[in-house]
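If you're matching positions, the sequence shown starts at 117 in our numbering and goes up one per residue.
Every residue gets a Cβ at the ideal spot worked out from N, C-alpha and C, and that includes glycine.
Model, not experiment: these values are computed from the prediction.
In what follows, a structure is listed as structure tokens, so that the remarks can point back to it.
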Amino acid sequence: MRQILFLLSLFTVPLSAQVNILDFRANPAGDALNISWTIGPGNTCEDLEVQHSTDSVNFTMLYLYEGVCGDATFSQQYSWTHNTPACNQKNYYRLFARTGGQLAVLSTQHTCLGAVGYRIVVRPDLQSIVVLANQQQS
């Protein structure tokens, strides 16, 4: 019996309790948001969830990266696109791992420009009007 237990522990992948997130960001992609993050070298986790909230308290899982994430030697980059973020308000994203728990929280204001490609925002605090528009790449 001791030999079996020894063999099982020999092949168990150690997972770190604390995972170092080097970068966590949201970039607009039309009306969607591209969520990307980087796990630092020497850090691993298991079953990483991307969770979403509009109030920073009640999160729901949107995406599950199943299995081991991270690498013992190199930084690992990941990305996922949220196609339906809440428009014209704050969106909160949280990385949560089965091993390690909450890893990071990101808050971003998302402005949807819609089909016309622009949005006019009145800013009484600045006594101005701001026009937000899609950037054309040449």
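Which value, in whole angstroms, describes the spacing of the CA atoms of residue i and residue j?
i      : j      : result
Tyr181 : Pro157 : 18 Å
Arg210 : Gly146 : 22 Å
Pro201 : Thr189 : 34 Å
Asp139 : Gln167 : 16 Å
Phe175 : Asp187 : 27 Å
Cys228 : Val221 : 22 Å
Ala148 : Glu165 : 18 Å
Ser125 : Tyr179 : With a pLDDT of 32 at Ser125, under the threshold of 50, the modelled position of this residue cannot be trusted, and the question is left open.
Gln225 : Arg141 : 12 Å
Return yes when the Cβ of residue j is within less than 9 Å of the Cβ of residue i, no when it is not.
i      : j      : result
Ser152 : Gln192 : no
Ser169 : Asn207 : yes
Gln195 : Asn150 : Correcting the residue identity first, residue 195 is Ser in this sequence and not Gln. Yes, they are a contact pair.
Quick check on the burial criterion: 16 or more other C-beta atoms within 10 angstroms. Buried or exposed for residue i?
i      : result
Cys185 : buried
Val135 : buried
Val173 : exposed
Worksheet item: Taking three-plus beta-carbon pairs below 8 Å as touching, is the segment 214-224 in contact with the segment 148-167?
Response: yes
Worksheet item: Which runs of the beta strand (DSSP E), 3 residues or longer, sit entirely within the segment 130-195?
Response: 137-145, 148-155, 159-169 and 176-187
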